[in-house]
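Asks: Terminal number for the sequence shown in this note's numbering: 119, no gaps in between.
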Amino acid sequence: MGKFKGIMCAAAIAVMGVTAAGCDDEDAVVTNAEFDAIDTSNDGLVSAAEWNATFAVWDVNGDGIVNQNEWLLDSGFGTLDVDANAALTEAEWNSAMVNWDVDNDGFLDPGEMFF
Ligand SMILES: [Ca+2]
Ligand SMILES: [Ca+2]
Ligand SMILES: [Ca+2]
Ligand SMILES: [Ca+2]
5 MGKFKGIMCA AAIAVMGVTA AGCDDEDAVV TNAEFDAIDT SNDGLVSAAE
55 WNATFAVWDV NGDGIVNQNE WLLDSGFGTL DVDANAALTE AEWNSAMVNW
105 DVDNDGFLDP GEMFF
């Protein structure tokens with residue numbers, strides 16, 4: 005499907021002169037690959053345990069903080085960084101499970117995460 009879309013975009017660029025930027029597959033949402041990496045059980049939902057475990061994965065330099073360079077989603081960093089110091093503590097990180105869980109089912113689905 006992704007490959008097909010790419011072909012269609014290439015055709016659109018050729019025929020209509022659409023800019024390449026307009027055909028960027030990565031919209032203002034995270035890629036499926038990034039979601040799948042968080043959703044280790046592959047059930048399409050991110051549990052609290054999966055989300056908490058991701059903190060350590062993304063904290064590449066192991067300083068106990070996830071900064072903007074380590075953040076892999078396209079958005080959401082600012083909503084978690086409540087003290088606006090450009091760094092997420094584990095407590096700020098874990099607040100996503102509450103702040104983003106719109107339907108209150110204890111899980112984050114892609115629609116809740118990629119706003
Ligand atoms: Ca899961
Ligand atoms: Ca870090
Ligand atoms: Ca912070
Ligand atoms: Ca939910």
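Just so you know, even glycine gets a beta-carbon here, dropped at the ideal spot from N, CA and C.
Model, not experiment: these values are computed from the prediction.
1) Would residue 112 and residue 97 be called neighbours here (beta carbons separated by less than 8 Å)?
2) Who are the Cβ neighbours of residue 77 in its own chain at under 8 Å, not counting the five residues just before and after it?
3) Grab me the residues of residue 44's own chain with a C-beta within less than 8 Å of its C-beta, minus the 5 sequence neighbours each way, in chain order.
4) What's the gap between the Cα of residue 92 and the Cα of residue 66?
5) Pop quiz: residue 74 and residue 64 are said to be a contact at Cβ under 8 Å. What is the actual Cβ separation, rounded to whole angstroms?
6) Mind reading off the beta-carbon distance from residue 90 to residue 71? Whole number of angstroms is fine, and I expect it under 8 Å.
Replies: Per the coordinate set shown:
1) Position 108 of the sequence shown holds residue 112. Position 93 of the sequence shown holds residue 97. No, these two residues do not count as a Cβ contact at 8 Å.
2) What you label residue 77 is simply residue 73 of the sequence shown in a count that begins at 1. Cβ neighbours of residue 77 beyond the five flanking positions: 34, 38, 117, 118.
3) Counting from one through the sequence shown, the residue named residue 44 turns up at place 40. The answer, listed in chain order, is 54, 57.
4) Here residue 92 refers to the residue found at position 88 when the sequence shown is read from its first residue. Here residue 66 refers to the residue found at position 62 when the sequence shown is read from its first residue. So the two alpha carbons sit approximately 13 Å from each other.
5) One-based indexing of the sequence shown puts residue 74 at position 70. One-based indexing of the sequence shown puts residue 64 at position 60. Contact flag correct, Cβ pair sits at about 5 Å.
6) Numbered from 1 along the sequence shown, position 86 holds the residue referred to as residue 90. Numbered from 1 along the sequence shown, position 67 holds the residue referred to as residue 71. Their Cβ separation, rounded to whole angstroms, is 6 Å, which keeps residue 90 and residue 71 in contact under 8 Å.
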